[in-house]
Every structure is written in structure tokens, then in C-alpha cells.
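Worksheet for the structure shown next.
Numbering (the numbering used here), first residue to last: 2 to 315.
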């Protein structure tokens, strides 16, 4: 392969990975005009538009998607073969895109930022939205580097590591009529429920558990982030099923009442996911280990305080 053709593929791979000519230029330490000129040469040589403008973003053509599927793994193998594996946090410049729910951002981002300022001041971390349904696609398409949460994974090129499990509890305002230890299944099913749905779907694990008893509940309202839950519950008759660690502060401060769900709901398992093409990426390993350690430390510190009690009791 001629040098100029390899250069085109390297730039092409960077644009596909970053989804942006600007970010690709940063990744390659090139100017944006230089990357744009390279795209022009791609179009001329490959007889295809390759990338189409979509507002401020760009979208790859079908030709580009098919080409990337063929060349991304060989390019990564070549890069691993010729690039030193050492990673120096103090001088490294890198942007990581991490998909997770807001509850995990609340736990991890503050201590992560403190680590970055101390050890890797040129590292950027961008939080990205995700759902259980689309998380794997985000990794497959290289739109994110990590997903922290729960995914419906099918056999693929996705790798994961376990972080912790959290039991589900039923929360509501303290003076709610159902704020009692002996909440019955009938009372529970008849209540107005608030559902945290990252995807907008109105069916959750609780509905699957109720269906086994021949019951349905009314989803009276949904939100797409956990930070909205406490305020809504405190000012309404809604009740909600949430992982216990998410509402821990409001439970202990007595802003919310908590009781065991009268239906068996499997524990919520939290994992960190990444694509196997980045298995040996030293920079990703570094930040993955930092985030995993932060979350595991948090879980260990809080388990006995709330999760340990409720998971055993419920």
C-alpha cells in the first residue's frame, strides 16, 4: 500500500471514530483544513462523498460505513504493533466519551475530576446519554469509549467488568398513605407510579414482576434522569421503585420514606463496558481503572449503611 493511501485511511479512521472533522484533527494533531483537504482526496480517489454534512455534524455514507467495517480492526492491529504502549497521564492529551446515567455521574465525576487535575491535567471527560437498548450500539459505532450501567448484551465484541449490585426499594414522601412496612401487593399495584426511564419506555423490571402475579400498575409519570425523582415524590402522591443507593441521602435525611417492594425484583447490576478493539488501549485502561475504583469504593462504603440492610430484609 502506498504511503498516501495509508494516510487517507488513518485520517478516515479518525473521523469515523470521533464523528467529527474537528475532533479528528485534534486526535491526529493536524489542522482542521488539513483534514478537510484529506477528505477531498478521499472523495476524488474513492469516487464517493464519504461524509455528508448534517447540521454541525457529519454522517458517513454507506460506502464509508462498509469501508470502516473492513479496515478499522486491521488499522488498530497495525497501530498496536508500531506504537509504544506506554501511557504518561501527566503529558497525555485525550478526550473520553463515557455514557452513563446521571446517578453514576453524581457518584464518580467529582472524585474523577480531582484525580485528573492531580495526575492528568490534559485529559477531557464528556458525559454522554445512553439507554439499556442503545448502549451496545454506541460502543460498536465508537460513539463512546465506555458505558457504565446495565446493557442487554448479545454475543459480540463487547467486554465488561462488574462494579456492584444494588437492591431496589420503594420510596415516597414520608406522610404518604403507603409509607408503611407491610405494603401489600394490591396497594402497590393500585398506586400512581413514577418510572425512571432513560429510553422513554414505560415498561420496567417491576412490571415484569407484577405480570407474574397477573397484575399491572399505572405509570402516571416518567422522568429520564434520577435527579428529578426526590422532588417529585416529596410534592406528590407518586411512589417509585429505585436502586437504594440512588436515593440514599434523601432516605437518611428523612426527606423520603422507604419500604421493601411487595414483589420480587432482581438486584440492579452495574458494569463497565468497552469494545474489544480498545482492549489494550493504555489510556482507556487508565481511566477505566480510575472510574471502576471510584465506584467500587463508593459501593463498599455505602453497602452496609443501606443496601446491606435492605437487600437482606427485602
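Glycine is no exception: its CB is placed at the ideal position from the N, C-alpha and C atoms.
It should be emphasised that the depicted structure is a prediction, and the values quoted were computed from it without experimental measurement.
Item	Value
Length of the line joining the Cα atoms of residue 72 and residue 193	52 Å
Nearest residue (CA-CA) to residue 283, options 93, 13, 251	93
Cα-Cα separation between residue 287 and residue 233, rounded to whole angstroms	38 Å
Proximity of residue 216 and residue 184 at Cβ, strictly below 8 Å	no
Beta carbon of residue 76 nearer than 8 Å to that of residue 14	yes
For residue 273, the nearest candidate out of 245, 297, 61 (CA to CA)	297
For residue 266, the three-state DSSP class (helix, strand or coil)	coil
DSSP three-state assignment for residue 136, whether helix, strand or coil	helix
For residue 68 and residue 10, the rounded distance between their alpha carbons	10 Å
Distance CB(residue 223)-CB(residue 203) smaller than 8 Å	yes
Helix, strand or coil at residue 279 according to DSSP, with G and I counted as helix	helix
Cβ-Cβ distance between residue 221 and residue 239 below 8 Å	yes
Residue 178: first and last residue of the uninterrupted beta strand (DSSP E) it sits in	No beta strand (DSSP E) holds residue 178; DSSP gives it neither H nor E.
Rounded C-alpha distance that separates residue 199 from residue 276	22 Å
When 166, 225, 236, 237 are compared against residue 299, the one with the closest alpha-carbon	166
Residue 113 beta carbon less than 8 Å from that of residue 136	no
Outcome for residue 245 when other beta-carbon atoms lying within 10 angstroms are tallied against a minimum of 16	buried
Status (buried if at least 16 other CB within 10 Å, exposed otherwise) for residue 134	exposed
Helix, strand or coil at residue 11 according to DSSP, with G and I counted as helix	helix
Residue ranges of each alpha helix (DSSP H) within the segment 25–72, 4 or longer	33–47
Inter-residue spacing [alpha-carbon to alpha-carbon] between residue 52 and residue 140	20 Å
Inter-residue CB distance, residue 145 and residue 109 (contact presumed, cutoff 8 Å)	Actually they are not in contact, since the Cβ atoms of residue 145 and residue 109 sit about 15 Å apart, beyond 8 Å.
C-alpha distance - residue 231 paired with residue 116, whole-angstrom precision	30 Å
Contact under 8 Å by Cβ, residue 205 with residue 225	no
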